[in-house]
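Take a look at the structure below.
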Amino acid sequence: MKGSRLRCWRLSMQTELDPGKSFVERFLDHPHLIISLILLAVALGFIGFKSMPLNLFPDANYPVVSVIIPMPGASAEDVEDKVTRIVEKELSTVDLVRKVRSVSQDEMAAVSVEFEYEKGLDAASADVANAIKRIEARLPGDIKPPEIFRVSDATTPVFTLALIPKPGSHLDLEKVRQLADNEIKEDFLRIPDVANVEVFGGYFPEVTVEIDPRKLHAHNLSLEQVVLAIRNQNINMPDGLIIRSEGQYLIKTSGERLEKSKLKDIVVAHEERGDVHLGDVADIKTAYQERQSFYRGNGRAAIGINLLRPEKGHVTTTIEAVEKALPLIRGKYPEISFEIADTQKNIIETSVSNMVDALRDAIIMTVGVIFLILANTRISLLAAISIPFTYFLTFAAMYLFGYELNIVTLTGVIVAVGLLLDDAIVVIENIERHYHQLKKPIFKAAVDGLNEILLADWSGTYTTVIVLVPIMFIGGYVEKILRQFTVVLSLALLASYIVSVTVIPLLSLYLVRSNSTKNGFERVIGLFGQYVIDPVRDFFANLIHFALRHKAFFIILGIAVFIVSMRLVMPIAGRDLMPPMDTGIVKIAFEAESDTSISKTEEIAKRIEAVLQKMPGIERISTMVGSEPGIISFGTGRIPQQGLITAHFIDRFHRKETLWDIEEDIRKQCRDIPGLKSLDAYDFGATPLSTISAPVDIMISGPDPKVLDQIAYDVASRLMKVGGLTTVTRSWTMDKIEILLDVDLEKARRYGLGPVEMSRELTSAVRGTPASVLRVPGEDGYTIRVRYPEWARDSVPDIGAIYIPSRLGPVPLKELAGFKRVRTRTRFTRQNLEPTVDVYGYRATTSITHLQARIEKALSGLSLPAGYKISHEGEVKNIHEAGGRLKKALGLAIILLFFSLVPTFRSWINPVTIMMAIPLAMIGAAWGLVLVGRHACMPANMGMILLAGIVVNNSILLIDFIEKARAKGAELKDAIEQAVRVRTRPILMTASGTIVGILPIAAQRALGLERLSPLAVVAIYGLFVATFLTLVYIPIFYDLFDGVRQKGKQWIERRRALAEGRHAGIPRSLPAGKR
0 MKGSRLRCWR
10 LSMQTELDPG
20 KSFVERFLDH
30 PHLIISLILL
40 AVALGFIGFK
50 SMPLNLFPDA
60 NYPVVSVIIP
70 MPGASAEDVE
80 DKVTRIVEKE
90 LSTVDLVRKV
100 RSVSQDEMAA
110 VSVEFEYEKG
120 LDAASADVAN
130 AIKRIEARLP
140 GDIKPPEIFR
150 VSDATTPVFT
160 LALIPKPGSH
170 LDLEKVRQLA
180 DNEIKEDFLR
190 IPDVANVEVF
200 GGYFPEVTVE
210 IDPRKLHAHN
220 LSLEQVVLAI
230 RNQNINMPDG
240 LIIRSEGQYL
250 IKTSGERLEK
260 SKLKDIVVAH
270 EERGDVHLGD
280 VADIKTAYQE
290 RQSFYRGNGR
300 AAIGINLLRP
310 EKGHVTTTIE
320 AVEKALPLIR
330 GKYPEISFEI
340 ADTQKNIIET
350 SVSNMVDALR
360 DAIIMTVGVI
370 FLILANTRIS
380 LLAAISIPFT
390 YFLTFAAMYL
400 FGYELNIVTL
410 TGVIVAVGLL
420 LDDAIVVIEN
430 IERHYHQLKK
440 PIFKAAVDGL
450 NEILLADWSG
460 TYTTVIVLVP
470 IMFIGGYVEK
480 ILRQFTVVLS
490 LALLASYIVS
500 VTVIPLLSLY
510 LVRSNSTKNG
520 FERVIGLFGQ
530 YVIDPVRDFF
540 ANLIHFALRH
550 KAFFIILGIA
560 VFIVSMRLVM
570 PIAGRDLMPP
580 MDTGIVKIAF
590 EAESDTSISK
600 TEEIAKRIEA
610 VLQKMPGIER
620 ISTMVGSEPG
630 IISFGTGRIP
640 QQGLITAHFI
650 DRFHRKETLW
660 DIEEDIRKQC
670 RDIPGLKSLD
680 AYDFGATPLS
690 TISAPVDIMI
700 SGPDPKVLDQ
710 IAYDVASRLM
720 KVGGLTTVTR
730 SWTMDKIEIL
740 LDVDLEKARR
750 YGLGPVEMSR
760 ELTSAVRGTP
770 ASVLRVPGED
780 GYTIRVRYPE
790 WARDSVPDIG
800 AIYIPSRLGP
810 VPLKELAGFK
820 RVRTRTRFTR
830 QNLEPTVDVY
840 GYRATTSITH
850 LQARIEKALS
860 GLSLPAGYKI
870 SHEGEVKNIH
880 EAGGRLKKAL
890 GLAIILLFFS
900 LVPTFRSWIN
910 PVTIMMAIPL
920 AMIGAAWGLV
930 LVGRHACMPA
940 NMGMILLAGI
950 VVNNSILLID
960 FIEKARAKGA
970 ELKDAIEQAV
980 RVRTRPILMT
990 ASGTIVGILP
1000 IAAQRALGLE
1010 RLSPLAVVAI
1020 YGLFVATFLT
1030 LVYIPIFYDL
1040 FDGVRQKGKQ
1050 WIERRRALAE
1060 GRHAGIPRSL
1070 PAGKR
């Protein structure tokens, strides 16, 4: 029989095309063309799947441009007054600026400008550069050239390598730093897809000229004279060109010393006894700048190297390129150990691998549930075969769109599993119905069966897709994160439709059998339908019979449950921007007391590392303290007492403790470390955006720093009592000790001196003055720094004994000024042109809105002086913005859905009835979040929007059946009850397939999937509740609205009859009683 059918089909394919044939007949007549196109797309999808780069999340940070301006020798207060204020005021005038923040610390200003997404990083950096040029003339002359940095996701290093001398090596960290700056950095920069390499860890080499103050004064010299002598006698200068007919020649004066030993011959003064050389008054030696930073890798002192990807590049591409080149670089430097201290590789690869496993599980479970309900091997097999075709088409489209495989895009792929099987099953069942029940030839059954549901199947697809469209264009952070999800899900649904109307009909010609009798295995599986599905169907059929007679009760009950769910239950869940996630990476920000030396800060760092190394599951530790000019990826704005440790633990699938348990353990064990002022332990990704300083950020602004300090102390004290906050810290404190030089201006004038001359000499003596550079072939060169030796500058009495040159001869500094200790800020922070202090709070898993409510209660009695204000920054500010955008998206989705259903049903009432399923779904979503312990957040809101497109399909099935039954003459009540009885099984099958398909997401089967699991929880519970309530409430609303419609028609007919009576001759002027 089957061979006969296939021969007839092949014979039909050999006939000429009939112009009257439908589209379905045409492509079924040409299977080779269709199969070739599908296989071509599958091949492209396979290539795309293998070629698409991997990532954890899409790049979503706002464009940020940072300006770093070094000002050697200046205090933080001077930096703020002379540099920061001028720069930030100018940068605030640039278009599309979200906020301008600045940090002023000793010798450096850092101004950060955050832009709207519309600006783009290229335009933003160009505008900032132009703004800096406009104010260059107004900045102090002793600053170094401003450095402008583009800050994006590409600023996060792909690898952090710790360079450590191997045991027995003749190298030390100083030499390793020299090699890293001059050779190793260049080796890494030659690797394709490595955009930048940054070196960190102190040990900057320099030539130190230590002036003996006794010898200096014996020759009546000043430090400034020595500096000028070195500067003028260690220099190369171009003098011009000689241009002749046969060529041209450059004239250059060469005066640079290429050897340190020759520096001692520089003449610093001329005396009757002869010239005074530098070697006569100074000890010249190779040394290193006093460390203001250091790096440690995996518990050992090291030099750190960060490898950065290009802005338009991909993480995994750079990772692969570095891994390929690293063995060669290691071989080139056999005495140095290149240890990986921090990397994005493991979390990305593990997460994507977990997501692929979750996709596999989703497919298996979905097909299993479909088979359980259908109890039909052939249909289930056909539906299962459609899945790889659909996904490879989806991957092909993703590849062409330039997408990555990340948690967001793969979540879209997984969510589509249950939805795409629905398309295939509808087509298969209809073809089988035409073949078995209507006894048509298989080719005719395929054509007629597909033609019959072609538009209906499309209607189900586009109602889901259309609700996703607003998210693609809603703007802001919402669009940046969720656009890829909605696009991928839409592509998968469209691919599913294409496969269901092309591949499925073709395969059905081979796989649909003539004998519809079930085999023994299918009959056993069919018992599930007999004992589970059928009783459910009968229950709802009986329930709807009762409900239609008590509509008022059910409607009031439904409204009451909806109000309770939205007003009482949903707030219990709390709200977040994005949920916390356990990636196995802990960030530990710590700060030592403000007077702590860099060596003591290193001891504190070692103590913290020792705690980490004893913890089970620790893998890598990367520690950085302080900051270095021009080095962005290691962090800017940190003072030498501040550090950041990144600790990697094994993933959560292989340890018992949660990441938040580990963080609490770290806080407890580090609490009593001597000299440690504060410590924050928080999870990687504690804030969804890098521009959010902390989950809770209370910003206090006002003019007087002392008042700000008092308010911040009060706010921090109150926040420490707020439940749910694990740590409370401040952006700065007023405990930095400074030695203030109080100049006696009257005495200074008698010596012909002023504060500037005194400060210049003091700066050279204590900090040292860079006089020139010793050029070394093949290297960057060594700064030549002139200063006093340590024994002449390591205490206040020593500084007081420093002689200041004057017109009356050298005079001790203590004769001209007094010294006093003052307390000041550790650093100066500003935002939007106002001085600020921030109080930061970190959490474990408590929702932000619950914390916010507790914080507002804690701060309720706080009174602020005039001119001071408190603003709530952090996540709560972004929650309001994202929530507003998502509400607009949901509103637009509902509008689009409504107007797409109107032409389908040729009615204004039926679309309203269909969409009544949406509030039913929201009831389940609210309860689901509370029962599972998830927070309402951006992904949860996305789940609500997705639900709107899914649950209406069940309503469509019911309303479509009722309308068709009534068109054939059935009574309203009979049509409704018959619709519930007939449509319960397909509704349950669709809902069950969708629910089990997204269970792996709700179960958080992948690293980082905690961020998107609320979407699945909302979809599962919302769909579960809406599925059953739809079977009751949609018929009720249909009956209710139909009654309204009928009454409306009757009213219109009465008006029409009355109007016709008037036109028939009843005079309008007659009294009403006589008409």
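Residue numbers (numbering that gives the first Met the number 0): 0 to 1074. Even glycine gets a Cβ: it sits at the ideal position worked out from N, Cα and C.
Per DSSP, F648 forms a beta bridge with which residues?
-> I617
Host alpha helix (DSSP H) of V321 (start-end) | 314-331
Could you tell me which residues DSSP pairs with A816 in its beta bridges?
-> V742
In chain order, what residues of the same chain have a beta carbon less than 6 angstroms from the beta carbon of D708, not counting five sequence neighbours either side?
-> M733
Return the first residue and the last residue of the alpha helix (DSSP H) that E87 is part of.
-> 84-90
Fully enclosed by the segment 327-402, which beta strand (DSSP E) runs are 3 residues long or longer?
-> 335-342
K819 and A800 look like a contact to me (Cβ under 8 angstroms); what is the Cβ gap, rounded to whole Å?
-> That belief does not hold up - the Cβ atoms of K819 and A800 are roughly 17 angstroms apart, past 8 angstroms.
Can V23 and L449 be called in contact, C-beta distance under 7 angstroms?
-> yes
Just to confirm, are V96 and V112 a CB contact at a threshold of 7 angstroms?
-> yes
Got a sec, what are the start and stop residues for the beta strand (DSSP E) K676 sits in?
-> 675-682
Where I631 and G312 are concerned, what is the direct C-alpha to C-alpha distance, given to the nearest angstrom?
-> 18 angstroms
Go to V979, then tell me how far its alpha helix (DSSP H) extends in each direction, as first and last residue.
-> 971-996
Based on the DSSP output, what are the partners of T159 in its beta bridges?
-> N305, D341
Go through its chain and collect everything with a Cβ distance to F394's Cβ below 6 angstroms, but skip five positions before and after it.
-> G44, G47, F48
Would you tell me roughly how many angstroms separate the C-alpha atoms of S859 and I798, rounded to the nearest one?
-> 50 angstroms
Can you give, in chain order, each stretch of the beta strand (DSSP E) that sits fully within the segment 902-940 and has at least 3 residues?
-> none
Considering only the beta carbon of each residue, do A1015 and A920 sit closer than 7 angstroms?
-> no
Could you check which residue in V321, P804, I441, L1011 has the C-alpha nearest to that of V196?
-> V321
Can the beta-carbon of V714 be found less than 7 angstroms from the beta-carbon of Q668?
-> no
Given E289 as reference, the closest of V41, G200, P333 once Cα atoms are compared = G200
Beta-carbon proximity list for R1080, same chain, < 7 angstroms, skipping 5 on both sides | With the chain represented from 0 up to 1074, any question about residue 1080 goes unanswered, as that position is not in the structure.
Touch test, the segment 986-1001 against the segment 1023-1037, Cβ-Cβ under 8 angstroms, three pairs minimum = yes
Give the DSSP-derived three-state secondary structure of S65 in the structure shown.
-> strand
In the DSSP assignment, find the unbroken alpha helix (DSSP H) run with A444 in it and report its ends.
-> 441-471
Pair every Cβ in the segment 720-732 with every Cβ in the segment 885-896, then say whether three or more of these pairs are closer than 8 angstroms.
-> no
Indicate whether S495 and L419 have their beta-carbon atoms separated by less than 7 angstroms.
-> yes
Name the two residues that bound the continuous beta strand (DSSP E) containing P204.
-> 204-210
Within 10 angstroms of its Cβ, does P864 collect 16 or more other Cβ (buried), or is it exposed?
-> exposed
Classify E106 as buried or exposed, calling it buried when 16 or more other Cβ atoms lie within 10 Å of its own Cβ.
-> buried
Would you kindly work out how many angstroms separate the C-alpha atoms of L1075 and E146, rounded to a whole number?
-> There is simply no residue 1075 to check, as the chain begins at 0 and stops at 1074 in what is shown.
E590, DSSP secondary structure in three states | strand
Pairing CB atoms from the segment 686-705 with CB atoms from the segment 742-756, are three or more of them under 8 angstroms?
-> no
Who are the near neighbours of I33 in its chain, counting only those whose CB is closer than 6 angstroms to its CB and skipping five residues on each side?
-> F26, T501
Could you tell me the boundaries of the alpha helix (DSSP H) in which G534 lies?
-> According to the sequence provided, residue 534 is Pro. The question's Gly does not apply to it. Segment 533-546, the alpha helix (DSSP H) holding P534.
Between the Cα of L138 and the Cα atoms of M70, P204, L172, K118, which residue gives the shortest distance?
-> M70
Exposed unless 16 or more other CB atoms sit within 10 angstroms - verdict on Y248 = exposed
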